[in-house]
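Shown next, in structure tokens, is the structure this report addresses.
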Amino acid sequence: MNSLDKEVKEEKMENHSENAGFLSDVDIIDNIKKNKIVIWPMEEKENLTPVGYNLTPTEFIFSINNRLLVNIYNNNNQKYCYVEPRDTVLILTREAVWVSNDIAGTFHSKVGIVSQGFGHISTTLDPRWQGPLLISLNNPTNKRLKFLIAKNTESNNSDDKFTFKYCSFVTLILYKLVTPAYIKHDNPSCRFDLLKDIVKEPSTSLMSKIFFGKKYKSHYNELRNFIGNIGDINFIKLGIEEENGEFKIEEFKNKYDKFIETIKFYTDSAHAANREIVNLKNLKNRIKKCIVVSLSFLPLLAYSYLGWKFGIKNERPSTDGYMMLIYLTAVAPFIVQAFTQIHNSISRNSIKEKGELN
Ligand SMILES: Nc1ccn([C@H]2C[C@H](O)[C@@H](COP(=O)(O)OP(=O)(O)OP(=O)(O)O)O2)c(=O)n1
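The sequence shown maps to residues 0 to 357 in numbering that gives the first Met the number 0.
Rendered as structure tokens:
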């Protein structure tokens, strides 16, 4: 008999089959009252749905392709960012969630998000999970997509003309299990275990190493440290222990009350390190562009020189010289096309990186 069978037999675990299944809004509230679920902060009116709870983003939005936090824009009463074509971003949620060992969940896309072109979300929430979530969202299209973080809405309250509302982007569906789970998950809150590995310095070209090697490295280290620091904060790293089978809900809420403030503090610093990296990348692209433009003048100079040497300069131009010019004229479109390709690819990179900065 394995340990799972033994435990189930020994403890004669209560069978929940009658109540097992999808939790409706009513069931979620009921389970919150019974101390089986905590969603914190909870905005019942805005985010509780008939079959789940909508989660909202923090400004900690990390691009996998660039290995940088994405730039956050704040105008027209909106706070938003862009997800570049074929990039995936990891978004930390504002809400911290705790569920007991007989509740599990799944994360699903919102139609409003996927119909803009974003890819589907489909991951799981283990029983006994505690903490915010790190949701990945990808852009499989070939155009950059706007991701709305929050917006100002007109308030009914006359003292406060506008209220700031976070825009939800993923739905958490909760389920009551037939039998409480036995196996304990081993994942730390916020999944900083995964993030630390992702924020590695990307491989750089020889030119970058020569011109920017140290600076580039130090900014990436700075960014990695910020992310490491958030993950190392004890209050995030250490979960709240149960006492006599009871989860300390007030302690959990107090802990995560401070969480958004802490994230904001570190995220602002990380954004500053981020901007330094993007500035360096843009400078690198400008240098590359200058080199390509200078190089593209070389064939033109060679062509003019040959024309002058074998043609204009001679009273009796040589047939070889003419042949060479005809040959060069024939291959010229291919040379132009090759340079245009290189030029376009560099321009594309710099436009993309400019986008992160503006
Ligand atoms: N988008 C998601 C989905 C889940 N989780 C949290 C809640 C889950 O309980 C926990 C584990 O999720 P996984 O499915 O990734 O767990 P595994 O242990 O199977 O995989 P791994 O640890 O290798 O990632 O991570 C999260 O932060 N963000």
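For every residue, glycine included, the Cβ atom is placed at its ideal position computed from N, Cα and C.
Inter-residue Cα distance where the pair is residue i and residue j
{"i": "Thr-162", "j": "Ser-293", "result": "54 Å"}
{"i": "Gln-340", "j": "Gly-118", "result": "30 Å"}
{"i": "Glu-352", "j": "Lys-283", "result": "Any reading at Glu-352 must be qualified, since the residue scores a pLDDT of 46, below 50, and its modelled position is unreliable; no value is offered."}
{"i": "Thr-87", "j": "Glu-58", "result": "15 Å"}
{"i": "Ile-182", "j": "Arg-127", "result": "10 Å"}
{"i": "Glu-245", "j": "Asn-100", "result": "11 Å"}
{"i": "Ile-60", "j": "Leu-68", "result": "6 Å"}
{"i": "Leu-194", "j": "Glu-94", "result": "18 Å"}
{"i": "Asn-141", "j": "Arg-85", "result": "7 Å"}
{"i": "Gln-115", "j": "Glu-42", "result": "25 Å"}
{"i": "Leu-297", "j": "Ala-329", "result": "17 Å"}
Residue i: first and last residue of the uninterrupted alpha helix (DSSP H) it sits in
{"i": "Ile-28", "result": "24-32"}
{"i": "Ile-60", "result": "It is not in any alpha helix (DSSP H) - Ile-60 instead sits in the beta strand (DSSP E) that spans 56-62."}
{"i": "Tyr-181", "result": "Element bounds for Tyr-181: n/a, residue is neither H nor E."}
{"i": "Asn-46", "result": "43-46"}
{"i": "Asn-75", "result": "Counting along the chain, Asn-75 falls outside any alpha helix (DSSP H), and DSSP gives it neither H nor E."}
Cβ pair residue i, residue j closer than 8 Å
{"i": "Thr-92", "j": "Leu-132", "result": "yes"}
{"i": "Leu-124", "j": "Thr-105", "result": "yes"}
{"i": "Ile-37", "j": "Trp-97", "result": "Looking at the sequence itself, residue 37 is Val, so the reference to Ile does not match. Yes."}
{"i": "Glu-83", "j": "Asn-137", "result": "no"}
{"i": "Lys-252", "j": "Ile-239", "result": "no"}
{"i": "Phe-21", "j": "Ile-120", "result": "no"}
{"i": "Lys-164", "j": "Asn-76", "result": "no"}
{"i": "Ile-71", "j": "Ile-134", "result": "no"}
{"i": "Leu-176", "j": "Ala-103", "result": "yes"}
Coil, strand or helix - residue i by DSSP
{"i": "Gly-20", "result": "strand"}
{"i": "Ser-303", "result": "helix"}
{"i": "Lys-287", "result": "helix"}
{"i": "Pro-131", "result": "strand"}
{"i": "Glu-83", "result": "coil"}
{"i": "Thr-117", "result": "Correcting the residue type first, residue 117 is Phe in the shown sequence and not Thr. Reduced to three states, the DSSP call for Phe-117 is coil."}
{"i": "Ile-239", "result": "coil"}
{"i": "Phe-360", "result": "The requested residue 360 is not part of the displayed model; the chain covers only 0 to 357."}
{"i": "Thr-140", "result": "coil"}
Ligand 1 heavy atom lying under 7 Å from the CB of residue i
{"i": "Arg-93", "result": "no"}
{"i": "Ser-295", "result": "no"}
{"i": "Ser-135", "result": "yes"}
{"i": "Thr-123", "result": "yes"}
{"i": "Trp-128", "result": "yes"}
{"i": "Phe-258", "result": "no"}
Limits of the unbroken beta strand (DSSP E) element including residue i
{"i": "Val-37", "result": "36-39"}
{"i": "Val-88", "result": "87-98"}
{"i": "Glu-153", "result": "144-153"}
{"i": "Phe-106", "result": "102-108"}
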